[in-house]
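Number of protein chains: 2
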Amino acid sequence: MLRLSKLTDYAVVVLVRLADTERVQTSPGIAATTGIPEPTVAKVLKTLAAGGLVASQRGARGGYRLLRPLGAIPVADVIAAIDGPIALAACVDGSLTECESQGLCPVRGRWDPVNDAIYRALSSITLADMQEAAIPRAFRVPGRPAAAHAANVLPAE
Amino acid sequence: MLRLSKLTDYAVVVLVRLADTERVQTSPGIAATTGIPEPTVAKVLKTLAAGGLVASQRGARGGYRLLRPLGAIPVADVIAAIDGPIALAACVDGSLTECESQGLCPVRGRWDPVNDAIYRALSSITLADMQEAAIPRAFRVPGRPAAAHAANVLPAE
DNA sequence: CCAATCAGGACCGACCCGGTCCAGTTAACG
DNA sequence: CGTTAACTGGACCGGGTCGGTCCTGATTGG
Chain A
1 MLRLSKLTDY AVVVLVRLAD TERVQTSPGI AATTGIPEPT VAKVLKTLAA
51 GGLVASQRGA RGGYRLLRPL GAIPVADVIA AIDGPIALAA CVDGSLTECE
101 SQGLCPVRGR WDPVNDAIYR ALSSITLADM QEAAIPRAFR VPGRPAAAHA
151 ANVLPAE
Chain B
158 MLRLSKLTDY AVVVLVRLAD TERVQTSPGI AATTGIPEPT VAKVLKTLAA
208 GGLVASQRGA RGGYRLLRPL GAIPVADVIA AIDGPIALAA CVDGSLTECE
258 SQGLCPVRGR WDPVNDAIYR ALSSITLADM QEAAIPRAFR VPGRPAAAHA
308 ANVLPAE
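If you're matching them up, the sequences are chains A and B in order. Okay, so the first sequence: first residue is 1 according to the numbering used here, each after it adds one. Okay, so the second sequence: first residue is 158 according to the numbering used here, each after it adds one.
Pasting the structure below:
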């Protein structure tokens, strides 16, 4: 059913949380405010750093900070960073070397237009859009949406 | 990585094959011409019948036939029939009853615009489009594309 | 020098998926 | 009317992937 990995959802939550301040934030800190278990937050942040979405500062007083504003991060980038390149991959079997070499994998050709369409769709939506959608209509205020929506994955025990 | 189930790819192959004639075709027959194992073809066809994409004729001389022309079958319908409703579902855990009851699942709200965009993208592409894309450019002829492309999943040894 | 923090792995259990198979039902044909 | 060919609708199982945790380094500020 076009499963989206749960890690990707966590990534969105974490990124939105990171946007709250310019200062670097530690993964334990983010874990505390979001309710996501700390090791998982760390894993997500490491992956996002590898994907070039956040910058890391090592050592004491280190942490992570956002590299782009939310409006400049299409959700396609987040998915690509966490789940790998966006493609309805059916070439799952180990023969992906062969699949690469002979450029006319019939499956790939067949789904190419579909992949393109999905990629375009996912590129047109930014995290800023998702941030708004995450706030239930009742709570949406004309003013600046604050951190209230960030701690909504788990009731924080 | 937005995995597409392999069954869905089989479904496209089978549907394109079914479009070759008006007459009903048996699943053993389709299995033979496509190279897909017979039990799998049967499973795919059963699912497609349940999804209303093909009609079945039981008994001897029975088989399946297409209900709509390829150009009238958006790939979204195929995916929905095989993989269930199109949604980047993160609500995987057993608590989906609770997820239904309280209408403000934050995850769901957050990904709603994304789901909509993907659904629209998948609805705009029909099997006829994929049929063309499946034929390598070199082999594409102005005339009517025949059954040549149907037997391309496995070399059928 | 010590503590805090990120880096980059390995590791494990649970769940889902692909693929197969079997008993039952339906319908054509001789 | 029996036989045969085909769909129906489940159950079933093994493998692979994923979520989640943990551990050992490397780095930096105090």
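By construction, the Cβ of each residue, glycine as well, lies at the ideal position given by its N, Cα and C atoms. Keep in mind the model is a prediction, meaning the values are calculated, not measured.
Could you work out which residue in the options is closest to residue i when comparing CA atoms only?
i        : options                                : result
B:Ala229 : B:Arg215, B:Ala238, B:Thr165, B:Leu210 : B:Leu210
B:Leu161 : A:Thr34, A:Ile125, A:Arg110            : A:Arg110
A:Asp116 : B:Leu279, B:Val173, B:Asp273, B:Ala189 : B:Leu279
A:Ala60  : A:Ile86, A:Ser27, A:Asp112             : A:Ser27
B:Thr190 : B:Pro231, B:Leu172, B:Ala238, B:Ala207 : B:Leu172
A:Ala23  : A:Gly35, A:Glu132, A:Arg65             : Correcting the residue identity first, residue 23 of chain A is Arg in this sequence and not Ala. Comparing Cα-Cα distances from A:Arg23 to each of A:Gly35, A:Glu132, A:Arg65, the minimum goes to A:Arg65.
B:Gly241 : B:Gly219, B:Tyr276, B:Arg215, B:Ala212 : B:Tyr276
A:Ile82  : A:Ala31, A:Thr40, A:Gln57, A:Gly29     : A:Thr40
B:Ile236 : B:Gln214, B:Ala188, B:Leu224, B:Leu205 : B:Leu205
B:Arg215 : B:Ile243, B:Asp234, B:Gln182           : B:Gln182
B:Asp177 : B:Gly208, B:Asp269, B:Met287, B:Pro226 : B:Pro226
A:Val12  : A:Val75, A:Gly63, A:Leu67              : A:Val75
A:Gly62  : A:Gly29, A:Arg17, A:Gly51              : A:Gly29
Using a Cβ cut-off of 9 angstroms, pull out every chain B residue sitting near residue i, in sequence order please.
i       : result
A:Arg23 : Residues of chain B passing the Cβ test: none, with the nearest at roughly 25 angstroms.
A:Asp77 : The premise fails here: A:Asp77 is roughly 13 angstroms from chain B at the closest Cβ pair, so nothing lies under 9 angstroms.
Mind pulling the chain B residues with CB within less than 8 angstroms of residue i?
i        : result
A:Leu122 : Val271, Ala274, Ile275
Listing by chain order, which chain A residues have their CB less than 8 angstroms from the CB of residue i?
i        : result
B:Ile282 : Pro113, Val114, Ala117
Throw me the rounded Cβ distance for the residue i and residue j pair, which I believe falls under 8 angstroms.
i        : j        : result
A:Val114 : B:Ile193 : No, A:Val114 and B:Ile193 are not in contact; Cβ-Cβ is about 20 angstroms, not under 8 angstroms.
A:Leu160 : A:Ala50  : No answer is possible for residue 160 of chain A: it lies beyond the span of chain A, which begins at 1 and ends at 157.
Touch check for the stretch 158 to 177 of chain B and the stretch 198 to 216 of chain B: three-plus C-beta pairs under 8 angstroms? yes
Tell me which residues of the stretch 164 to 177 of chain B have at least one Cβ-Cβ distance to chain A shorter than 7 angstroms, keeping chain order. Asp166, Val169
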